[in-house]
Amino acid sequence: MESNLSKSILISPAVRDKDLVKEIVELIEEGMGVPETEIFCSSLDGYGIPNGQNFVTYIKGQLLSPKVVVLVLTPAYFESKFCIAANKPFNCH
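Using the numbering used here, read the sequence shown as starting at -2 and increasing by one per residue.
Written as structure tokens, this is what we have:
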């Protein structure tokens, strides 16, 4: 079972913005040299919650201490009650 330790970069998008988020992740990996293992994004396969992990518990663990938080603030984000609720710890609204 994979560790629930917070990764260096947390990307918080709405699921509907998946195509945009793929481009952001590619930019972070290729442009900044950040490995996939240091990026958490629940909207993308391979960057999110490992099989067998509790969804809410795992996300809470990722919110503990990332070095960088990337909020993908689009209309879809603000229409998502889950996105708004999940990011309350950052007091950004």
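Note that the Cβ used here is the ideal one computed from N, Cα and C, for glycine as well.
Tell me I135's beta-bridge partners as DSSP assigns them.
Only positions -2 to 90 of the chain appear in the structure, and residue 135 is not among them; the question remains open.
If you scan the region 35 to 64 from start to end, which runs of the alpha helix (DSSP H) of 4 or more residues do you find wholly inside it?
Runs of the alpha helix (DSSP H) spanning 4 or more residues and lying entirely within the region 35 to 64 occur at 52 to 59, in chain order.
Buried or exposed (CB count within 10 angstroms, at least 16 for buried), K4
The sequence position of residue 4 within the sequence shown is 7, counting from 1. K4 should be labelled buried.
Could you tell me which of I6, K57, T71 and A73 sits nearest to M29, measuring between CA atoms?
By one-based count along the sequence shown, residue 29 stands at place 32. The shortest C-alpha to C-alpha distance from M29 to any of I6, K57, T71 and A73 is the one to I6.
For the alpha helix (DSSP H) containing P72, list its first residue and its last residue.
Here residue 72 corresponds to residue number 75 of the sequence shown, with the count starting at 1. Note, P72: alpha helix (DSSP H), P72 to E76.
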